[in-house]
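Peer 1: Residue numbers (full-length UniProt numbering): 1 to 561. Glycine is no exception: its CB is placed at the ideal position from the N, C-alpha and C atoms. Shown below is the structure under consideration.
Written out as structure tokens, the structure reads:
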């Protein structure tokens with residue numbers, strides 16, 4: 001099995017110690033990225049670790065595909081115990097960081113302990129340096145980028161940075177890279193903040209040799225030549241269609257479509273796009289650098305999920321207002337989905353939908369935990385009673401779009417996801433809109449025949465997050481190509497993906513997670529039966545826990561296999 005190469009660099013920011021460890025035996029079985037981070041965390045993080053305590057560890061890892069020049073590979077993974085969900089969670093980010101990370105020569109970097117002083121950790125192929133930066137306390141992401149470039153001559157593509165939200169332990173704080181790309185979901189920015197680490201930089205010229213087959217250039221060429229709506233509108237290309245089929249959450253999930261969709265549609269985003277945007281080595285170029293000439297506002301995005309959270313779900317029908325929310329989240333270091341949904345919850349409680357001045361003020365207050373922002377910084381699951389609104393979250397995580405009340409398989413996927421209400425964990429929604437061929441599509445309604453497909457998709461995405469492939473490679477990465485690129489049988493790769501899912505679930509089981517956490521704030525037809533079929537397909541217990549015999553085994557196999 002083709003895998004990333006290089007030792008683990010373990011950095012204790014409290015003791016200021018650095019250790020390097022050969023982990024070839026782990027790499028040979030776990031490829032890289034999410035699988036590597038999950039395996040290391042399962043072995044090295046105490047099951048009862050406080051997400052915001054010194055015992056929690058944060059893992060950064062690339063995969064073998066970051067040693068290629070292929071499109072869809074400009075990403076890397078981060079793993080730790082989430083302060084939002086209280087479970088083990090991986091998040092990944094695009095941009096230009098991953099190749100600079102591989103230049104350090106490490107396959108993974110582990111951050112543990114907690115510093116007494118605010119620091120930047122500089123990781124290179126020549127060693128690790130700790131720089132005290134008290135003057136950067138509560139600095140924004142752009143301000144910190146400017147400091148690092150001025151002092152170290154390292155651009156934003158070398159950095160992982162937290163804004164004020166991470167320092168203030170906002171439970172959905174993100175880690176930012178390339179200034180506007182985010183390790184967004186799950187609050188890993190707060191984990192870095194709890195360790196008093198303002199930023200980490202990666203630099204070097206010691207990239208390990210990983211032989212990647214020539215099919216990489218076929219895929220790269222196809223990505224460059226493809227005529228695809230995402231090249232013009234990114235993920236917002238689905239907005240109007242999602243609205244038409246009633247899968248777009250609106251007015252804090254009260255409605256399934258938005259009467260102001262024309263003002264925040266993919267067409268409006270495309271009108272504001274002023275140049276191409278991409279990630280490292282990617283010819284698909286689906287990113288969205290946008291500018292509003294009237295206000296001189298520039299940002300990257302918003303993507304579809306941000307259109308939902310700060311647009312339809314908040315009752316906002318002007319794309320410039322959503323762009324402003326997006327920019328503020330990037331500057332302060334906030335996950336736009338959780339931040340927008342939480343703001344929408346407050347708007348619902350105060351009957352203030354569409355109040356953009358209030359929205360932008362709330363984003364800042366959340367980042368600095370000022371006034372009501374201190375309450376909202378805890379996330380919907382912890383504050384919905386106080387606000388007097390329904391708890392629109394799963395396992396503590398706020399909902400993404402692609403509403404499960406319409407797309408029932410995606411609804412089940414939200415419930416089973418170890419990350420919570422996240423659309424990218426399984427990505428069932430393309431099969432129900434559908435955005436795939438008729439032969440692969442499912443009816444939107446009901447759960448019949450969907451649990452086996454859900455298991456397959458969760459496992460496949462775990463493989464993609466380990467390789468690491470961008471999820472938008474779906475139309476280009478056939479089973480045969482994945483086998484060739486990773487030098488492994490497809491079924492064996494799915495089994496690895498199943499083991500990653502089981503390791504996450506097993507870790508979370510030790511923290512008290514069980515079937516009671518695989519729940520939705522709405523009813524689906526035959527939901528309990530679908531959940532039972534899902535557990536049976538994985539060979540798990542009826543209570544949603546993983547048998548010890550399945551950890552390290554073929555957890556993705558059917559129960560009777």
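On a Cα-Cα basis, can you pick out the residue from 178, 139 and 138 that is closest to residue 154?
Peer 2: Here residue 154 corresponds to residue number 154 of the chain shown, with the count starting at 1. When only C-alpha atoms are compared, the closest one is 178.
Peer 1: Figure out for me which residue from 186, 497 and 311 has the closest Cα to the Cα of residue 243.
Peer 2: In the chain shown, residue 243 corresponds to position 243, counting from 1. Taking only the C-alpha atoms, the option nearest residue 243 is 311.
Peer 1: Quick check on residue 556: buried or exposed, where buried means 16 or more other Cβ atoms within 10 Å of its Cβ?
Peer 2: Residue numbering aside, residue 556 sits at position 556 when the chain shown is read from its first letter. Confidence at residue 556 is low in this model, with a pLDDT of 37, below 50, so its placement is unreliable and the value that follows should be read with caution. Buried, because 16 or more other Cβ atoms sit within 10 Å of the Cβ of residue 556.
Peer 1: Take the Cβ of residue 519 as the centre, count every other Cβ of all protein chains shown within 10 Å, and call the residue buried at 16 or more, exposed below.
Peer 2: Along the chain shown, read from residue 1 onward, the residue named residue 519 stands at position 519. Burial call: exposed.
Peer 1: Tell me the rounded alpha-carbon separation between residue 190 and residue 438.
Peer 2: As a working mapping, residue 190 is identified with position 190 in the chain shown. As a working mapping, residue 438 is identified with position 438 in the chain shown. Going by the C-alpha atoms only, they are around 43 Å apart.
Peer 1: Between the region 96 to 116 and the region 35 to 55, do three or more beta carbon pairs fall short of 8 Å?
Peer 2: Yes, they touch.
Peer 1: Give me the Cα-Cα distance between residue 291 and residue 330, rounded to the nearest whole angstrom.
Peer 2: Within the chain shown, residue 291 is the residue found at index 291, counting from 1. Within the chain shown, residue 330 is the residue found at index 330, counting from 1. Spanning the two alpha carbons is a distance of roughly 15 Å.
Peer 1: For residue 238, collect the residues of the same chain with a Cβ closer than 8 Å to its Cβ; drop the 5 residues on either side in sequence, then sort them by chain order.
Peer 2: The count along the chain shown starts at 1 and reaches residue 238 at position 238. The answer, listed in chain order, is 266, 304, 433 and 435.
Peer 1: Report buried or exposed for residue 549, applying the criterion of at least 16 other Cβ atoms within 10 angstroms of its Cβ.
Peer 2: Here residue 549 refers to the residue found at position 549 of the chain shown. Counting Cβ neighbours within 10 Å, residue 549 comes out exposed, since fewer than 16 surround it.
Peer 1: Find out if the Cβ-Cβ distance for the pair residue 82, residue 186 is shorter than 8 Å.
Peer 2: Along the chain shown, read from residue 1 onward, the residue named residue 82 stands at position 82. Along the chain shown, read from residue 1 onward, the residue named residue 186 stands at position 186. Contact flag set, yes.
Peer 1: At the level of alpha carbons, what is the spacing between residue 156 and residue 354?
Peer 2: Counting from one through the chain shown, the residue named residue 156 turns up at place 156. Counting from one through the chain shown, the residue named residue 354 turns up at place 354. Cα-Cα distance, rounded: 34 Å.
Peer 1: Which whole-angstrom value describes the C-beta separation of residue 11 and residue 128, a residue pair presumed to lie in contact below a C-beta threshold of 8 Å?
Peer 2: Your numbering for residue 11 matches position 11 in the chain shown. Your numbering for residue 128 matches position 128 in the chain shown. Residue 11 to residue 128, Cβ: 6 Å. Contact.
Peer 1: For the beta strand (DSSP E) holding residue 337, just list the boundary residues, first then last.
Peer 2: Counted from its first residue, the chain shown places residue 337 at position 337. Where residue 337 is concerned, there is no enclosing beta strand (DSSP E), although the alpha helix (DSSP H) it sits in stretches over 336 to 350.
Peer 1: Which whole-angstrom value describes the C-beta separation of residue 181 and residue 94, a residue pair presumed to lie in contact below a C-beta threshold of 8 Å?
Peer 2: Counting from one through the chain shown, the residue named residue 181 turns up at place 181. Counting from one through the chain shown, the residue named residue 94 turns up at place 94. At roughly 5 Å, the Cβ-Cβ gap stays under 8 Å, so residue 181 and residue 94 are in contact.
Peer 1: I need the straight-line Cα distance from residue 423 to residue 152, nearest angstrom please.
Peer 2: By one-based count along the chain shown, residue 423 stands at place 423. By one-based count along the chain shown, residue 152 stands at place 152. Straight-line Cα distance between these residues: approximately 38 Å.
Peer 1: What alpha helix (DSSP H) runs, 4 residues minimum, are completely inside the region 217 to 289?
Peer 2: DSSP runs (the alpha helix (DSSP H)) wholly in the region 217 to 289: 230 to 233, 239 to 244 and 266 to 272.
Peer 1: In angstroms, rounded to a whole number, what distance separates the CA positions of residue 517 and residue 245?
Peer 2: Within the chain shown, the letter at position 517 stands for residue 517. Within the chain shown, the letter at position 245 stands for residue 245. Spanning the two alpha carbons is a distance of roughly 29 Å.
Peer 1: With 16 as the cutoff for other CB atoms within 10 Å, does residue 233 come out buried or exposed?
Peer 2: What you label residue 233 is simply residue 233 of the chain shown in a count that begins at 1. Classification of residue 233: buried, given that the 10 Å Cβ count is 16 or more.
Peer 1: Tell me where the alpha helix (DSSP H) around residue 59 begins and ends.
Peer 2: Residue mapping note: residue 59 aligns to position 59 of the chain shown, counting from 1. Unbroken run through residue 59 is the beta strand (DSSP E), 58 to 61; no alpha helix (DSSP H).
Peer 1: Looking at C-alpha atoms only, which residue of 370, 332, 376 and 327 is the closest neighbour of residue 345?
Peer 2: Indexing the chain shown from 1 puts residue 345 at position 345. Checked all of 370, 332, 376 and 327; the closest Cα to residue 345 is 376.
Peer 1: Go through its chain and collect everything with a Cβ distance to residue 543's Cβ below 6 Å, but skip five positions before and after it.
Peer 2: Locating residue 543 in the chain shown gives position 543, where the first residue counts as 1. The residues are 514 and 515.
Peer 1: Can you tell me whether residue 434 sits near the ligand MN, meaning its C-beta is under 7 Å from at least one heavy atom of the ligand?
Peer 2: This structure does not include the ligand MN; it has no bound ligands of any sort.
Peer 1: Looking only at C-alpha atoms, which of 67, 374 and 279 sits nearest to residue 170?
Peer 2: Numbered from 1 along the chain shown, position 170 holds the residue referred to as residue 170. Nearest option by C-alpha distance: 374.
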